[in-house]
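Undergrad: Mind having a look at this structure? Questions to follow.
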Amino acid sequence: MGLCVRASSLLLGLLLPLLFSVEVVSAAAQKFGINYGQIANNLPDPTQVAGLLQSLNVNKVKLYDADPKVLMSFANTGVEFIIAIGNENLQAMADNPGAARQWVTQHVQPFIPATRITCITVGNEVFSGNDTGMMASLLPAMKAIYAAVGDLGLRGQVTVSSAHSVNVLATSFPPSSGAFREDLAQYIQPLLDFHGQTNSPFLINAYPFFAYKASPGSVSLPYVLFEPNPGVRDPNTNLSYDNMLYAQIDAVYAAMKLMGHTDIGVRISETGWPSKGDEDEAGATVENAAAYNGNLMQRIAMNQGTPLKPDVPIDVFVFALFNEDMKPGPTSERNYGLFYPNGSPVYAINTGAGGASGRTGPFDPYSANTMFSSASRLTVRTASLTLLLLVLPLLPAFSC
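In terms of this note's numbering, the numbers along the sequence shown are unbroken and rise by one, the last being 1189.
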């Protein structure tokens, strides 16, 4: 269908019971972000994406580069951006602070304040590889970018961080026993010192899906999907965990405490669940993706913190906005999107207490305009105090 969505096929997809709370939608809109990856050859123009996200009230976006077309397209929208410097640039910036200043001058300064750039991530999952030279370059590059941000008068607006895989932990359960890998300590200790000094967050990419995929026989599916389960108690703190993501977050807090830091926040820079996978990728289904993302968004809307930090609401960027057809690796890598490239939702997000509840909630992709029809707004009617029922889509024919 390309960029044209047939009214008949979309209508069929929309004839589902979509029950949700308007208050929850409004609350969640301000509290979660989304990763906007672009490893694909069929994605819509960024101006269309800006319209889509505005219609959904999503106001935080994380990029994997500093694409000027994207940043220009979101000017004056109020959307907050995290932009990124690729791993391939770290050594040059570590060796030459002038290169860091040039990067900030070119990729940040021209877009502020029209586009709200609030964070620069320097490198992505650098400690997941075997390149010790790159590992050694990470912090000097971060310091160079931080200095450049200050020199250009942007320090009050833009923080500097880096995103890490949860695999930087040697142990993660029980959460109170969380500890960083010994071989990374020489890099992570000064990195944490930097975060403490600059009041910047420690970013983690955490995917409970990977744990389930690796051992579906021993990892509880309800536990990783935020669905009802007995939970797991940490014997050292007596805290109870009903989902893996919160346990991973608290394990990072424990690991940082071992290195002398209780002054750094943890932010989930990536988490998500694929809607499709290969035969050996257990759990990669539409139903599980809808349950994981929907239940997570419901927690976000509740201002919920982790058992260790109950008064600190979790800060999450969901992966990802679109399915990306050119990503390498297993099938799951190309199927994390909430949307197909043509603007139609991959699934209706479930935010009920269980997979069979059929309730939808905080982020309902069917409740807003799709980006390819100016009149495709779905009307939501109040049915009762707790139920809002659904839609009479008006989708005029799209002229190709």
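Glycine included, C-beta positions come from ideal geometry on N, C-alpha and C.
Mind reading off the beta-carbon distance from V947 to I909? Whole number of angstroms is fine, and I expect it under 8 Å.
TA: Here residue 947 refers to the residue found at position 158 of the sequence shown. Here residue 909 refers to the residue found at position 120 of the sequence shown. Rounded, the Cβ-Cβ distance is 6 Å, consistent with contact.
Undergrad: Classify V1107 as helix, strand or coil using the three-state DSSP reduction.
TA: To locate residue 1107, count along the sequence shown from 1; it is residue 318. Reduced to three states, the DSSP call for V1107 is strand.
Undergrad: Nearest CA to the CA of N831: which residue from G1118, D1114, T1120, Y1136?
TA: Looking up residue 831 in the sequence shown gives position 42. Taking only the C-alpha atoms, the option nearest N831 is D1114.
Undergrad: Counting only the same chain and skipping the five closest in sequence on each side, list residues whose C-beta sits under 8 Å from that of V1075.
TA: By 1-based counting over the sequence shown, the position of residue 1075 is 286. S1064, K1065, V1135, Y1136, listed in sequence order.
Undergrad: So what's S1121 in DSSP terms, helix, strand or just coil?
TA: If you number the sequence shown from 1, residue 1121 lands on position 332. Here S1121 sits in helix by DSSP.
Undergrad: Residues in its own chain within less than 8 Å of G1054 by CB, not counting five upstream and five downstream?
TA: By 1-based counting over the sequence shown, the position of residue 1054 is 265. Excluding sequence neighbours, G1054 sits near P990, F991, V1101, D1104.
Undergrad: Taking only runs of the alpha helix (DSSP H) that begin and end inside the segment 1023-1108, which ones reach a length of at least 4 residues, in chain order?
TA: The segment 1023-1108 contains these whole alpha helix (DSSP H) runs: 1033-1047, 1075-1090.
Undergrad: Look at the alpha carbon of E914 and the alpha carbon of D1023, and state the distance between them as a whole number of angstroms.
TA: What you label residue 914 is simply residue 125 of the sequence shown in a count that begins at 1. What you label residue 1023 is simply residue 234 of the sequence shown in a count that begins at 1. Between E914 and D1023, the C-alpha separation is close to 28 Å.
Undergrad: Tell me whether S954 sits in a helix, a strand or coil according to DSSP, three-state version.
TA: Residue numbering aside, residue 954 sits at position 165 when the sequence shown is read from its first letter. Strand at S954.
Undergrad: Taking all protein chains shown into account, decide if E971 is buried (16 or more other Cβ within 10 angstroms of its Cβ) or exposed.
TA: As a position in the sequence shown, residue 971 is number 182, starting the count at 1. Looking at its Cβ environment, which holds fewer than 16 other Cβ atoms inside 10 Å, E971 is exposed.
Undergrad: Please report the straight-line C-alpha distance between V1008 and Y1001, rounded to a whole angstrom.
TA: To locate residue 1008, count along the sequence shown from 1; it is residue 219. To locate residue 1001, count along the sequence shown from 1; it is residue 212. Going from the Cα of V1008 to the Cα of Y1001 covers about 6 Å.
Undergrad: If distances are taken between C-alpha atoms only, which option among Q978, T894, T836, N1082 comes closest to T1051?
TA: Taking the sequence shown and counting its residues from 1, the one referred to as residue 1051 is at position 262. Ranking Q978, T894, T836, N1082 by Cα distance to T1051 puts Q978 first.
Undergrad: Can you look up T904 in the DSSP assignment and give me helix, strand or coil?
TA: As a working mapping, residue 904 is identified with position 115 in the sequence shown. Here T904 sits in coil by DSSP.
Undergrad: DSSP beta-bridge partners for K851?
TA: Taking the first residue of the sequence shown as 1, we reach residue 851 at position 62. Beta-bridge pairing links K851 to N824, I871.
Undergrad: Within the continuous alpha helix (DSSP H) that includes V1138, where are the two ends?
TA: Position 349 of the sequence shown, counted from the start, is the residue given in the question as residue 1138. This sequence places Ile at residue 1138; Val is not what is there. First-last for I1138: undefined, no H or E at that position.
Undergrad: Helix or strand or just coil, what does DSSP make of C793?
TA: Within the sequence shown, residue 793 is the residue found at index 4, counting from 1. Confidence is the limiting factor: at C793 the pLDDT is only 41, short of 50, which leaves the residue's position unreliable, though a coordinate-based value still follows. Here C793 sits in coil by DSSP.
Undergrad: Please state whether DSSP places P1134 in a helix, a strand or coil.
TA: Indexing the sequence shown from 1 puts residue 1134 at position 345. P1134 falls in the strand class under three-state DSSP.
Undergrad: Taking C-beta to C-beta, are N878 and S965 nearer than 8 Å?
TA: As a position in the sequence shown, residue 878 is number 89, starting the count at 1. As a position in the sequence shown, residue 965 is number 176, starting the count at 1. For N878 and S965, no; Cβs fall outside 8 Å.
Undergrad: Between the segment 892-906 and the segment 937-946, can you find at least three pairs of beta-carbon atoms closer than 8 Å?
TA: In short, these stretches touch, since the Cβ pair count reaches three.
Undergrad: If you run the structure through DSSP and keep just helix, strand and coil, what is P1011?
TA: Position 222 of the sequence shown, counted from the start, is the residue given in the question as residue 1011. Correct three-state label for P1011: helix.
Undergrad: Who are the Cβ neighbours of N994 in its own chain at under 6 Å, not counting the five residues just before and after it?
TA: The sequence position of residue 994 within the sequence shown is 205, counting from 1. Same-chain partners within the cutoff: A952, S954, S1058, E1059.
Undergrad: Verify whether the separation of the beta carbon atoms of L1110 and N824 is less than 8 Å.
TA: One-based indexing of the sequence shown puts residue 1110 at position 321. One-based indexing of the sequence shown puts residue 824 at position 35. Contact: yes.
Undergrad: Just to check my reading of the structure: M923 and N876 have Cβ atoms closer than 8 Å, yes? What is that Cβ distance to the nearest angstrom?
TA: Here residue 923 corresponds to residue number 134 of the sequence shown, with the count starting at 1. Here residue 876 corresponds to residue number 87 of the sequence shown, with the count starting at 1. Going by Cβ atoms, the distance from M923 to N876 rounds to 6 Å, so yes, they are a contact pair.
Undergrad: What separation, rounded to the nearest whole angstrom, lies between the Cα atoms of G985 and G1049?
TA: Numbered from its first residue, the sequence shown carries residue 985 at position 196. Numbered from its first residue, the sequence shown carries residue 1049 at position 260. For G985 and G1049, the distance between alpha carbons rounds to 10 Å.
Undergrad: DSSP state of T910, grouped into three classes?
TA: Sequence index remark: in the sequence shown, residue 910 carries index 121 (1-based). DSSP places T910 in strand when its eight states are reduced to three.
Undergrad: Quick check on the burial criterion: 16 or more other C-beta atoms within 10 angstroms. Buried or exposed for D1067?
TA: Within the sequence shown, residue 1067 is the residue found at index 278, counting from 1. Exposed.
Undergrad: Opposite I993 in the DSSP bridges: which residues?
TA: Residue 993 sits at position 204 when you count from the first residue of the sequence shown. Partner(s): H953, I1057.
Undergrad: So the candidates are L1034, S926, D854, G1061; which of them puts its Cα closest to the Cα of F1108?
TA: Counting from one through the sequence shown, the residue named residue 1108 turns up at place 319. Closest option to F1108, Cα to Cα, is G1061.
Undergrad: Would you tell me roughly how many angstroms separate the C-alpha atoms of S917 and L958, rounded to the nearest one?
TA: Here residue 917 corresponds to residue number 128 of the sequence shown, with the count starting at 1. Here residue 958 corresponds to residue number 169 of the sequence shown, with the count starting at 1. For S917 and L958, the distance between alpha carbons rounds to 11 Å.
Undergrad: Excluding the 5 residues preceding and the 5 following S815 in the sequence, name in chain order all residues of the same chain whose CB lies nearer than 6 Å to its CB.
TA: For this step, residue 815 is matched to residue 26 along the sequence shown. Any reading at S815 must be qualified, since the residue scores a pLDDT of 36, below 50, and its modelled position is unreliable; the value itself is stated next. Taken in chain order, the list of residues that qualify is empty.
Undergrad: Assign C1189 to one of three DSSP states: helix, strand, or coil.
TA: Walking along the sequence shown from the start, residue 1189 turns up at place 400. Any reading at C1189 must be qualified, since the residue scores a pLDDT of 35, below 50, and its modelled position is unreliable; no value is offered.
Undergrad: Quick one: grab the DSSP three-state call for V893.
TA: Residue 893 sits at position 104 when you count from the first residue of the sequence shown. Reduced to three states, the DSSP call for V893 is helix.
Undergrad: Is the CB-CB distance between L943 and M1045 below 8 Å?
TA: Position 154 of the sequence shown, counted from the start, is the residue given in the question as residue 943. Position 256 of the sequence shown, counted from the start, is the residue given in the question as residue 1045. No.
Undergrad: Just to confirm before moving on: does the CB-CB distance between A883 and A930 stay below 8 Å?
TA: Position 94 of the sequence shown, counted from the start, is the residue given in the question as residue 883. Position 141 of the sequence shown, counted from the start, is the residue given in the question as residue 930. Contact flag set, yes.
Undergrad: For V859, which beta-bridge partners are listed by DSSP?
TA: Locating residue 859 in the sequence shown gives position 70, where the first residue counts as 1. Looking at the DSSP assignment, V859 forms no beta bridge with any residue, so it has no partner.
Undergrad: Compute the Euclidean distance between the alpha carbons of V850 and Y1129, then round it to the nearest angstrom.
TA: For the purposes of this step, residue 850 is taken as residue 61 along the sequence shown, with counting starting at 1. For the purposes of this step, residue 1129 is taken as residue 340 along the sequence shown, with counting starting at 1. Taking the straight line from one Cα to the other gives about 18 Å.
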